[in-house]
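One structure below.
In the working numbering, the protein residues as written are 16 to 248.
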């Protein structure tokens, strides 16, 4: 089986994709530093999830977006081999979420050309209102994503950062009212929520009984840390 999009014999691939906002506003209040720390901390948890799931091989990719969207980890990488390289926020960068979803849709089309596998798991993190300076607005990008078989089937979670996060767009991205939409107002909350979302996404994608009913989804963690981002200008 192809190691790039497949995995070990007897284990089906589960593609886990982070879609991360690195726009200029992520420079405020240490948000980008907190995001980097959160992703670094979540990797060991994902490795534990992978070890405890003999049926799935967890493959990680990372897509970042500001005024442009790009794959910063383009090749699906087994979680055991994945190493996090810190991202930098783009000074005065816009929030081109539509372009990011268009690029994600193209990635889903590539996955659909391969045989087998669990539905992908996607976690979106953003702190602002989607812009459309690239010509692709949020609605168009989401439509393109949902037009893909794996885009529509994916376990999609979203996390807002700070008071300016556009929760309406994030809720539309999730597309399931039973899945909680969280907003982090402190670095501590960002870490806790990304760890929680990563566990829910990986389990929901590979274990239908977990992903199919809200009753089996673990509740979100209790907010921790002073809500510093809720009061920033």
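Using N, Cα and C, we set each Cβ at its ideal position, and we do this for glycine too.
Take residue 240, set aside five residues on each side of it, and the residues of its chain with a beta-carbon closer than 7 Å to its own are 201, 202, 203, 204, in chain order.
Per DSSP, reduced to three states, the secondary structure at residue 86 is strand. When the five nearest sequence neighbours on each side are left out, the beta carbons in the same chain lying within less than 6 Å of the beta carbon of residue 86 are those of 78, in order along the chain. The C-alpha of residue 180 is placed about 21 Å away from the C-alpha of residue 160. For residue 217, DSSP records no beta bridge to any residue.
Just so you know, the alpha carbons of residue 193 and residue 184 end up roughly 16 Å apart. The continuous alpha helix (DSSP H) containing residue 59 extends over residues 46-66. Collapsing the DSSP output to three states places residue 202 in a helix. Counting along the chain, the unbroken beta strand (DSSP E) around residue 33 starts and ends at 27-36. DSSP places residue 114 within a helical segment (H, G or I) once states are collapsed to three. Boundaries for residue 240: no alpha helix (DSSP H) harbours it, and the DSSP string shows neither H nor E there. By the criterion of a C-beta distance shorter than 8 Å, residue 164 is surrounded in its chain by 123, 127, once the five residues flanking it on both sides are discounted. Taking all protein chains in view, the Cβ of residue 100 is surrounded by fewer than 16 other Cβ atoms within 10 Å, so the residue is classified as exposed. Remark: fewer than three beta-carbon pairs, one from each stretch, lie closer than 8 Å, so the stretch 103-112 and the stretch 67-77 are not flagged as touching. Put simply, of 35, 243, 70, 28 the residue whose alpha carbon is nearest the alpha carbon of residue 54 is 35. Non-local C-beta neighbours of residue 134 in its own chain, meaning closer than 7 Å and more than five positions away in sequence, comprise 165, 168, 169, 170, 220, ordered along the chain. For the 7 Å CB-CB criterion, residue 84 and residue 115 form a contact.
Where residue 171 is concerned, the enclosing beta strand (DSSP E) starts and stops at 170-176.
Looking only at 153, 174, 144, 162, the smallest Cα-Cα distance to residue 137 is reached by 174.
Taking every protein chain shown into account, the CB of residue 106 has fewer than 16 other CB atoms within 10 angstroms, so this residue is exposed. Residue 98 counts as exposed, since fewer than 16 other C-beta atoms from the protein chains shown sit within 10 angstroms of its C-beta. For the options 49, 190, 182, 120, the alpha carbon positioned closest to that of residue 197 is the one of 182. Taken through DSSP and simplified to helix, strand or coil, residue 76 comes out as strand.
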